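So the structure is just underneath, and the comments pick up after that.
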Amino acid sequence: MGDVNAKLKILQLLVQFGAVVEHQDSHGDNALHWSARMQALPTTRFLIQDTDAAVYALISENHKRQKPLDVAKLARDAKPSMVTSAIFDLLSRVHRDCNVRLKIQYGKKLRLHAEAEARARRVDDVTHAADTARMLCHSADQVWAMALEAAECVRNDMEAKVLDEGGKDAVGRARVWLETKEGKAWVKKEAPDAIEAIKSLVHKGVVPKPRDLKKAAAVRVMEEYVLGQETNMRDLIKKKFGREHPAFESRDVEYYKRVVHNGGAS
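Numbering (the working numbering), first residue to last: -1 to 264.
This is the structure we're talking about:
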């Protein structure tokens, strides 16, 4: 037990200082493969419960095309015990739930990567604009107008993509929450107001009377919640994006013109 606790403490320190849980060795095994193979329940529990990267580690295969769950099953079948059974059961439960977590985390990872790439492209576009203007001084005004338009197009595309991905992420989180016990209780609590709202719309002839009023009210509550979460997230992202990537102003253009005319000196 002391040896297991010591290994767990070492692993916790490694993760704390940036160790990559989903990293694979020469055999394709990651930390979860090894924990299952070595029948280390505390280590397996720590990786699953305390590290987000475990979602990716859980679905990765080694060179034998085995996931950690497959390794745990082999260990349980070869040496049945409370520990091997507990590890297999733990991985089985998480494996069923990891699809939603994976989508959320994967979407976040893609969004951060796209933002970094877009920022780099925008810097490259500005640099390219300066080089082009230096070579084409006789048509500087036209070149600057084109460069500014191109930079703004990149900014607008980047903003639209970030807003779209952030909105989708918020929708996914909202739908997941609505399926929880707390979410279902909230829908039930809000349903009476939704029923009255639907009755009012039916009375005014705005909408036809639904066959199942309670079901229609629940759907209305959930749709409004999801829409609200998406709208709030888009507003937050738009404000943050505006602070981090402000639109070009005339003084920005004049600054870059001076940089070009001075040969790149600040």
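Every residue gets a Cβ at the ideal spot worked out from N, C-alpha and C, and that includes glycine.
None of the values given here were measured: they were computed from a predicted structure.
Spatial neighbours of residue i in its chain, beta-carbon cut-off 8 Å, leaving aside the 5 residues before and after
i: Lys71; result: Phe86
i: Arg91; result: none
i: Arg109; result: Val160, Glu163, Gly164, Asp167
i: Lys236; result: Glu157, Leu161
i: Lys5; result: Ala38, Thr41
i: His243; result: Arg117, Arg120, Arg153, Met156, Glu157
Inter-residue CB distance, residue i and residue j (contact presumed, cutoff 8 Å)
i: Gln37; j: Asn28; result: Incorrect: roughly 16 Å between the Cβ atoms, too far for contact.
i: Val205; j: Leu199; result: 5 Å
i: Leu88; j: Ile46; result: 6 Å
i: Pro78; j: His31; result: Actually they are not in contact, since the Cβ atoms of Pro78 and His31 sit about 20 Å apart, beyond 8 Å.
i: Ala172; j: Val224; result: 4 Å
i: Val69; j: Ala34; result: 4 Å
Buried versus exposed call for residue i [16 or more other C-beta atoms within 10 Å across all chains shown]
i: Met220; result: buried
i: Ala183; result: exposed
i: Gln14; result: exposed
i: Arg63; result: exposed
i: Ser24; result: exposed
i: Leu39; result: buried
i: Arg209; result: exposed
i: Ala114; result: exposed
i: Leu149; result: The question names Leu, yet the displayed sequence has Ala at residue 149. Ala149 comes out buried.
i: Ala215; result: buried
i: Arg218; result: buried
i: Gly240; result: exposed
i: Thr178; result: exposed
i: Ala73; result: buried
Heavy atom of the ligand COA within 7 Å of residue i beta-carbon
i: Ser90; result: The model on display carries no ligand, and the ligand COA is accordingly not part of it.
Coarse secondary structure for residue i, derived from DSSP in three states
i: Asn154; result: helix
i: Gly240; result: helix
i: Val205; result: coil
i: Thr229; result: helix
i: Arg119; result: helix
i: Phe15; result: coil
i: Asn3; result: helix
i: Met36; result: coil
i: Ala84; result: helix
i: Gly26; result: coil
i: Ala245; result: coil
i: Asp75; result: helix
i: Gln47; result: helix
i: Asp210; result: coil
i: Ser267; result: Residue 267 falls outside the range modelled here, since the chain spans only -1 to 264, and no answer is possible.
i: Thr178; result: coil
i: Gln10; result: helix
Other residues of its chain near residue i: CB distance less than 6 Å, five sequence neighbours each side excluded
i: Ile127; result: A small correction: the amino acid at residue 127 is Ala; Ile does not occupy that position in the sequence shown. Result list for Ala127: Ala145, in chain order.
i: Gly26; result: Asn60, His61
i: Glu228; result: Gly165, Ala168, Val169
Neighbourhood of residue i by C-beta, 7 Å cutoff - its chain only, sequence neighbours within 5 removed
i: Leu9; result: Thr41, Phe44
i: Glu84; result: First, the amino acid is wrong: residue 84 is Ala here, not Glu. Around Ala84: Leu39.
Min CB distance residue i to chain C below 8 Å
i: Asp129; result: You won't find chain C in this structure, because it holds only one protein chain.
Exercise for the section: Count the CB pairs spanning the stretch 156 to 167 and the stretch 183 to 193 that are closer than 8 Å, and state whether there are at least three. Expected result: no
Practice task
Decide yes or no for the touch test of the stretch 104 to 123 against the stretch 141 to 161: beta carbon pairs closer than 8 Å, at least 3 of them.
Solution key: yes
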